[in-house]
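Colleague: Numbering (the numbering used here), first residue to last: 2 to 179.
Glycine residues also receive a C-beta, built at the ideal position from the N, C-alpha and C atoms.
Structure below; questions to follow.
Below, the structure is given as structure tokens:
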């Protein structure tokens, strides 16, 4: 058993090196981690603003549709003024007209508010994208550098695999499984 001890220690060291090299090959290197995290965070922030902008645009379109509907109701009620014959009908029609006007006003305020928020979101998004451009270029450069280093790491992994296979052959099967 003691004759295999050096081989076992060498095998364990090779396995540790292999695990470290595989983690490096399939992960993000430490020297690039901070840049990667910043890039991911800014990308997520841009996506969030884009989604907020889309939601505000949808909200504005819905408010404009409601304005159109309310204006149609108002027009219909105003056309009915000449057809009323009693004071009671006239009062009810005026209430409907006032309600439609109030609905138009509310929807216009909502559309205007959505438009203002959308404009602000677009300005924020433009500023964020301008700031992101530099970060994206640095990230692309570092990623290209990392991609250039990957073949060497993959070669090291392949060499370690071959070395481990050779060490495994030196050990009896029972001892290796232990």
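#1: Determine the closest residue to residue 21 out of 155, 166, 125, with distance taken between C-alpha atoms.
#2: Taking the alpha helix (DSSP H) that residue 84 falls in, what are its first and last residues?
#3: May I have the straight-line CA-CA distance separating residue 95 from residue 65, to the nearest angstrom?
#4: Let me know the secondary structure DSSP gives residue 149 once reduced to three states.
#5: Note down, one range per segment and in chain order, each alpha helix (DSSP H) of at least 4 residues found wholly within the stretch 6 to 31.
#6: With a 10 Å radius around its C-beta and 16 neighbouring C-beta atoms as the bar for buried, classify residue 115 as buried or exposed.
#7: Label residue 78 either buried or exposed according to how many other C-beta atoms from any shown protein chain fall within 10 Å of its C-beta, with 16 as the threshold for buried.
#8: Go ahead and pull the three-state DSSP assignment for residue 136.
Modeller: So, from the data block:
#1: In the chain shown, the residue the question calls residue 21 occupies position 20. Measuring from the Cα of residue 21, the nearest candidate turns out to be 155.
#2: By one-based count along the chain shown, residue 84 stands at place 83. According to the DSSP assignment, residue 84 belongs to no alpha helix (DSSP H), since it is labelled neither H nor E.
#3: As a working mapping, residue 95 is identified with position 94 in the chain shown. As a working mapping, residue 65 is identified with position 64 in the chain shown. Approximately 24 Å between the Cα atoms of the pair.
#4: Start at 1 with the first residue of the chain shown, and residue 149 comes out as number 148. Helix, per DSSP.
#5: 6 to 27
#6: As a position in the chain shown, residue 115 is number 114, starting the count at 1. Residue 115 should be labelled buried.
#7: Translated into positions along the chain shown, residue 78 becomes position 77. So residue 78 ends up on the buried side.
#8: As a position in the chain shown, residue 136 is number 135, starting the count at 1. DSSP places residue 136 in helix when its eight states are reduced to three.
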